[in-house]
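Each residue of the sequence shown is one higher than the last, beginning at 1 in my numbering.
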Amino acid sequence: MTSVNESDNKKGLLIGSKIPLDEFREVFGETIRVSDLLTNYDGILIDFFRGAF
Numbered sequence: 001m002t003s004v005n006e007s008d009n010k011k012g013l014l015i016g017s018k019i020p021l022d023e024f025r026e027v028f029g030e031t032i033r034v035s036d037l038l039t040n041y042d043g044i045l046i047d048f049f050r051g052a053f
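As structure tokens, then:
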């Protein structure tokens with residue numbers, strides 16, 4: 001990414017924004033590091049969803 005968009009919007013991030021955390025847990029409990037993903041890919045898409053399963 002060449003630029004970072006900033007927003008006062010508390011509901012989400014703008015496209016192209018930097019992710020506010022580097023490490024998170026996925027749905028099966030495995031820890032994912034964004035920095036590790038970016039060593040293998042040019043970019044990533046993270047889809048946050050809320051569900052009642």
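Note that CB positions come from ideal geometry on N, CA and C, so glycine has one too. Everything numeric in this text was worked out from a predicted model, so none of it was measured.
Checklist entry - Alpha carbon to alpha carbon, how far is Phe-28 from Gly-43? => result For the purposes of this step, residue 28 is taken as the residue at position 28 of the sequence shown. For the purposes of this step, residue 43 is taken as the residue at position 43 of the sequence shown. Distance between the alpha carbons of Phe-28 and Gly-43: 22 angstroms.
Next on the checklist: Taking 8 angstroms as the limit between beta carbons, can you name the residues of its chain near Arg-25, skipping five residues before and five after?
Outcome noted: On the sequence shown, position 25 is the one that residue 25 refers to. Only Thr-31 and Ile-32 meet the Cβ criterion.
Next on the checklist: With the cut-off set at 8 angstroms, would you say Asp-47 and Val-34 are in Cβ contact?
Outcome noted: Taking the first residue of the sequence shown as 1, we reach residue 47 at position 47. Taking the first residue of the sequence shown as 1, we reach residue 34 at position 34. The answer is no: Cβ separation not under 8 angstroms.
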